[in-house]
Structures are given as structure tokens and as C-alpha cells.
Amino acid sequence: MIKSGPLENLLKKDRFITIVGLVIISALSWLYIIYLYRQMAVMNMNAAFFAMPMTQYWTVTDFVLLFVMWLVMMIAMMTPSVTPLILIFAMVNRKKREAQSPFIHTGYLLAGYFLIWAGFSLLATVLQWALQQVSLLNAEMKTTSKILGATILVVAGIFQFTRWKKACLHHCSTPLNFIHRNWKEGKKGALQMGIKNGTYCLGCCWVLMVLLFFSGIMNLLWIALIALFVLIEKTVPHPKWISSVAGIALIVYGIIVMMY
Numbered sequence: 012m013i014k015s016g017p018l019e020n021l022l023k024k025d026r027f028i029t030i031v032g033l034v035i036i037s038a039l040s041w042l043y044i045i046y047l048y049r050q051m052a053v054m055n056m057n058a059a060f061f062a063m064p065m066t067q068y069w070t071v072t073d074f075v076l077l078f079v080m081w082l083v084m085m086i087a088m089m090t091p092s093v094t095p096l097i098l099i100f101a102m103v104n105r106k107k108r109e110a111q112s113p114f115i116h117t118g119y120l121l122a123g124y125f126l127i128w129a130g131f132s133l134l135a136t137v138l139q140w141a142l143q144q145v146s147l148l149n150a151e152m153k154t155t156s157k158i159l160g161a162t163i164l165v166v167a168g169i170f171q172f173t174r175w176k177k178a179c180l181h182h183c184s185t186p187l188n189f190i191h192r193n194w195k196e197g198k199k200g201a202l203q204m205g206i207k208n209g210t211y212c213l214g215c216c217w218v219l220m221v222l223l224f225f226s227g228i229m230n231l232l233w234i235a236l237i238a239l240f241v242l243i244e245k246t247v248p249h250p251k252w253i254s255s256v257a258g259i260a261l262i263v264y265g266i267i268v269m270m271y
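Residue numbers (the numbering used here): 12 to 271.
Following this line, the structure appears as C-alpha cells:
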């Protein structure tokens, strides 16, 4: 029987702790999204019952809360797919610094990654505000324009076939290669690596997130399906065919929405 050495035991412990931490982050994010969904359902029913119009005026508090909603939603959707990168980074970091805990540097990597998605969340919040000002979003935060909805679907479908999508997906779906090519020492280096990988993932997935303006921003089914698709696309060995099938499906769906 082969006994594990001290380093192997540390790696197993690190992996377990990292996975537990990521599961907690993801679970708390999903619980918050479910809570918001239930609260919104109650508010919409009350508004309908009392014939109350949904105001288009936003306060600073409204903006901040909706930004937090977007950010938590991005964390919930993207944490599963970034897990392989986090685990590999923690392992490499431990091997380089066997006597030191890898969790601080791993935290910086994750912070850099979600910093990019925080930027996207800010832009998405601004876009949501703009669409509501011109009455293109209803109380369910779903587009009221058939043309806009169909356009979102078709554009998302076409995007699946672009070189930009393929290049960004390559960097996102090969975490070991990304770490090998982009390794930087120290906390600042980990933060920079997280920002760079987050940028690639944003370039790969941002159009998919915009689909929520078609389905309804708080549509739990679409949120879960998009998160699952991103996870599959970034973890299967040959994701090109998956992207192509999804692209065709979105284009066809967009045409159907436009026609009917």
C-alpha cells in the first residue's frame, strides 16, 4: 500500500476546503436569487391586484439593490464553471509554497475574476434602467418588444459562431493552459490573473447573459439553463459543437418569435 506524502495530504485538504468554500458561495448566491424571485412574485401580484403601475423612477437605493441583484446572479451562474480554474490554481500555488496556505492568493484570483463580472453587472443595471425608461421592460423585467426580444435571440445565436466567441472560450475552457501561460507571482499577480480570466469569460458569455432581458431577468429557469450551458461549454473536451447547436437553436427561436 502506497502512503501519501505530506504534500499530497496538503493538496487533498486544500482541494476539499476550496470546494466547500465554492459550494457555500454558490449556494448562498442561489438562495439570494430565489429569495428575490419570491419577493418579486409577491410584489407583481400585489401590483396587479391593486392596478398599481410599476414606476419607472429609480432612486439611488433602487440602483444599488439592482446592481447587487445582477452581481449575485453572476456569482451564482459563474462560480460552478470557474471552479476548475480555482482548484488548479490552488494546487499549483501550494506546490510552489508548500509551507504557506494557498487560500489568500486563491481569494485574490477569485476576487479579480468577479471584479470583471461586477463591471458587467454595473453595465447591465444601467441597461435595465434605460430600457425601463422607454417602457421596453415590464414588471417582470422582461422585454415588451417582440422585435427587441427576437433581435436578442438572433444576435446571441450568431455570436456563437464568431471568432471572438471561439477565442475567448478556448482560454476559459483550458484552465491548466491558462495558468501555465499567464502565471504571475504574489497576491497582485493572482488578482491580475483573475481579472484576465474573467475578461475572457465575459467575452465568451456576455451575450448569453443579455438573453435574460428576453426571458425575464429573474426567470429562474432561464438563469439555471444559462448557468448549466456555460458550465458544459467550458468543461466538455470539445465544446464547439455545443456552441454551434445552441447558436442554431437561438437563431431559429428568434425567427419564430419574430414571426409569431
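By construction, the Cβ of each residue, glycine as well, lies at the ideal position given by its N, Cα and C atoms.
Close Cβ partners of residue i (< 7 Å) along its chain, the five nearest in sequence each way excluded
i: residue 29; result: 97, 98, 101 and 117
i: residue 132; result: 78, 81, 82 and 85
i: residue 43; result: 83
i: residue 47; result: 80 and 229
i: residue 166; result: 218
i: residue 22; result: 102 and 105
Assigned exposure category for residue i - 16 Cβ within 10 Å defines buried
i: residue 49; result: exposed
i: residue 226; result: buried
i: residue 197; result: exposed
i: residue 62; result: Low confidence applies to residue 62: its pLDDT is 37, below 50, so where it sits in the model is not reliable enough to give any reading.
i: residue 146; result: exposed
i: residue 224; result: buried
Straight-line gap, residue i to residue j (C-alpha atoms, nearest Å)
i: residue 209; j: residue 267; result: 33 Å
i: residue 4; j: residue 88; result: Outside the modelled stretch of the chain, which goes from 12 to 271, sits residue 4, for which no answer is possible.
i: residue 20; j: residue 215; result: 36 Å
i: residue 60; j: residue 53; result: Model confidence at residue 60 stands at a pLDDT of 40, short of 50, so the residue's coordinates are unreliable and nothing is read from them.
i: residue 186; j: residue 195; result: 14 Å
i: residue 171; j: residue 229; result: 23 Å
i: residue 113; j: residue 183; result: 22 Å
i: residue 245; j: residue 92; result: 7 Å
i: residue 68; j: residue 136; result: 14 Å
i: residue 175; j: residue 261; result: 18 Å
i: residue 217; j: residue 157; result: 21 Å
i: residue 95; j: residue 143; result: 38 Å
i: residue 106; j: residue 247; result: 27 Å
i: residue 39; j: residue 231; result: 15 Å
i: residue 273; j: residue 154; result: Because the chain spans 12 through 271 in this model, residue 273 falls outside it and cannot be assessed.
DSSP-derived helix/strand/coil call for residue i
i: residue 274; result: Because the chain is modelled from 12 through 271, residue 274 falls outside the range shown and cannot be assessed.
i: residue 246; result: helix
i: residue 72; result: helix
i: residue 6; result: In the structure as shown, the chain starts at 12 and stops at 271, and residue 6 therefore has no counterpart that could be examined.
i: residue 154; result: strand
i: residue 131; result: helix
i: residue 228; result: coil
i: residue 189; result: helix
i: residue 203; result: helix
i: residue 196; result: coil
i: residue 59; result: Only weak support exists for where residue 59 lies, its pLDDT of 43 falling under 50; the coordinates are left without a value.
Contact under 9 Å by Cβ, residue i with residue j
i: residue 222; j: residue 127; result: no
i: residue 168; j: residue 259; result: yes
i: residue 219; j: residue 240; result: yes
i: residue 125; j: residue 205; result: yes
i: residue 37; j: residue 90; result: yes
Own chain, CB closer than 8 Å to residue i, minus 5 neighbours either side, in chain order
i: residue 12; result: Because the pLDDT of residue 12 is 42, which lies under 50, any placement of that residue in the model is unreliable, and the number read from its coordinates should be weighed accordingly. Result list for residue 12: empty, nothing under 8 Å.
i: residue 161; result: 265, 266, 268 and 269
i: residue 177; result: 251 and 254
Sequence-distant residues of the same chain with beta carbon closer than 6 Å to residue i, five excluded per side
i: residue 141; result: none
i: residue 202; result: 119 and 123
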